[in-house]
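Okay, so here's the structure we're looking at.
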Amino acid sequence: MLEGLKRVAGRIVGKSGLPRDLSAEDRLLLSRIRADKLTYLSDKKLVSLLSTVRSIEAAGLPGVFIEAGCALGGSAILIANVKRTERPFEVYDVFGMIPPPTQEDTPDVHLRYQTIVQGQSTGIAGDPYYGYRDDLYDLVQANLYRYGVDPQRDGVTLVKGLVQDTLHPSAAVAFAHVDVDWYEPVKTCLQRIFPQLVVGGSIILDDYHDWGGCRKATDEFLRGVTGTFMLDDRAGSLRITKVDHRH
Numbered sequence: 168m169l170e171g172l173k174r175v176a177g178r179i180v181g182k183s184g185l186p187r188d189l190s191a192e193d194r195l196l197l198s199r200i201r202a203d204k205l206t207y208l209s210d211k212k213l214v215s216l217l218s219t220v221r222s223i224e225a226a227g228l229p230g231v232f233i234e235a236g237c238a239l240g241g242s243a244i245l246i247a248n249v250k251r252t253e254r255p256f257e258v259y260d261v262f263g264m265i266p267p268p269t270q271e272d273t274p275d276v277h278l279r280y281q282t283i284v285q286g287q288s289t290g291i292a293g294d295p296y297y298g299y300r301d302d303l304y305d306l307v308q309a310n311l312y313r314y315g316v317d318p319q320r321d322g323v324t325l326v327k328g329l330v331q332d333t334l335h336p337s338a339a340v341a342f343a344h345v346d347v348d349w350y351e352p353v354k355t356c357l358q359r360i361f362p363q364l365v366v367g368g369s370i371i372l373d374d375y376h377d378w379g380g381c382r383k384a385t386d387e388f389l390r391g392v393t394g395t396f397m398l399d400d401r402a403g404s405l406r407i408t409k410v411d412h413r414h
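Numbering (our numbering), first residue to last: 168 to 414.
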């Protein structure tokens, strides 16, 4: 799908892996999230997420923010700290064990799932795997508060359940971060979010280059889109930006 995507030189990075032109405030936020072991995202992916959200806010685009798949809450913390307080931000997750893949998923996905369900998965830097916790919803909420985010005050809503059951956006969407790994939830997110995405808005698919199910669902969806969009995968994730109103 991306063979013809033009790549350009990246930004200069320092020893931390973060771009040198990041503000001190942004650098501190990203470094703290990393030190607290709250995200699986690489520095490049975090910076891409940060810059995309900042650009959308600077452009004044209307619409809600959505995250599908939040794990321990690291990327949700980042988005919530950068967005305007009055902008609604909906965070969808099962807040528990990752659901099983389907026959549409690729062998790598099924192997990974077997490792997880057999209790053999480890978390970030040797921590326990977050999916084995039974208090994940409360933990994510506590992590948000720890970073100064009051969900009620700051317009953040945590929605528990499968995205196939819970995600039904009816209003305009300015940005979505999709990190749900497997074919079916990724396909659901694209089918339901992209038609609501405003012109200039973006969807970032975290797992496009990581899991075959995500890549398969994304490629299938994009082949059916009649409108114009731009793709950027330089950060390791895939960002889709809508250029016109056609779907």
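C-beta: ideal position from N, C-alpha, C; glycine also.
Check: Consult DSSP for residue 392 and reduce its assignment to one of helix, strand or coil.; Outcome: coil
Check: Considering only the alpha carbon of each residue, which of 381, 231 and 211 lies closest to residue 345?; Outcome: 381
Check: Less than 8 Å between the beta carbons of residue 396 and residue 410, yes or no?; Outcome: yes
Check: Put residue 407 into one of helix, strand or coil per three-state DSSP.; Outcome: strand
Check: Any chance the segment 336-353 sits against the segment 304-314, with 3 or more Cβ pairs inside 8 Å?; Outcome: no
Check: Let me make sure I understand the geometry here. Which of 261, 239 and 228 has the alpha-carbon closest to that of residue 251?; Outcome: 228
Check: When the Cα atoms are used, what is the spatial distance from residue 390 to residue 353?; Outcome: 15 Å
Check: Name the DSSP beta bridge partners of residue 369, please?; Outcome: 342 and 408
Check: Three Cβ pairs or more, each shorter than 8 Å: is that satisfied between the segment 210-230 and the segment 367-387?; Outcome: yes
Check: Excluding the 5 residues preceding and the 5 following residue 355 in the sequence, name in chain order all residues of the same chain whose CB lies nearer than 6 Å to its CB.; Outcome: 330 and 331
Check: Along the chain, where does the beta strand (DSSP E) that runs through residue 233 open and close?; Outcome: 231-235
Check: Mark residue 242 as exposed unless 16 or more other C-beta atoms lie within 10 angstroms of its C-beta, in which case mark it buried.; Outcome: buried
Check: Which first and last residues belong to the beta strand (DSSP E) in which residue 327 is found?; Outcome: 323-327
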